[in-house]
Amino acid sequence: MVQKEDLIREAKTAMNKSYAPFSKVKVGACVMTSKGKCYTGSNYDRDAYKTKFYAERKAIEEAYSHNDKEITKIVIASSTPEFSYPNGSTRQMIYEFAPHADIILVNSFNEEKLHTIQELLPFPSKRI
75 MVQKEDLIRE AKTAMNKSYA PFSKVKVGAC VMTSKGKCYT GSNYDRDAYK
125 TKFYAERKAI EEAYSHNDKE ITKIVIASST PEFSYPNGST RQMIYEFAPH
175 ADIILVNSFN EEKLHTIQEL LPFPSKRI
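First residue of the sequence shown? That's 75 in the working numbering, and the numbers climb one at a time after it.
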């Protein structure tokens, strides 16, 4: 059985693989699915057009690429004392792909915050 501490460790391992020369903020994410499998992602800054690859998105995409679509937990670890909250478009992605997942944020002091996507995105965009 995968424990929360295991997910945090995986998110931190992914965080240490980040490439963040511009933002100087390393972020790693780990998602767990109902099958008990974990998928990770790291953030990557790019100078071209100031584009970024977000850790949470990469972890969700990794789960979906393995046809493992019922995400139950998302852990987001940051290298800073501040918690790294998903940006707006990533929150929308979480709403669409993992609407019932617990979202656990972890900062560099190993402090934790628990959220739902409904708290972080109270008015999501819904397709008609």
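Glycine included, C-beta positions come from ideal geometry on N, C-alpha and C.
Item                                                                                                    : Value
Rounded separation between R83 and S199 - CA only                                                       : 32 Å
Length of the line joining the Cα atoms of Y138 and Y169                                                : 14 Å
Cα-Cα separation, K86 to I148                                                                           : 13 Å
Inter-stretch contact (C-beta, 8 Å, three-pair minimum) for the stretch 155-163 and the stretch 104-113 : no
Residue nearest to T190 in terms of C-alpha spacing, selected from F183, I177, F197                     : I177
F183 to H140 span [Cα, whole Å]                                                                         : 33 Å
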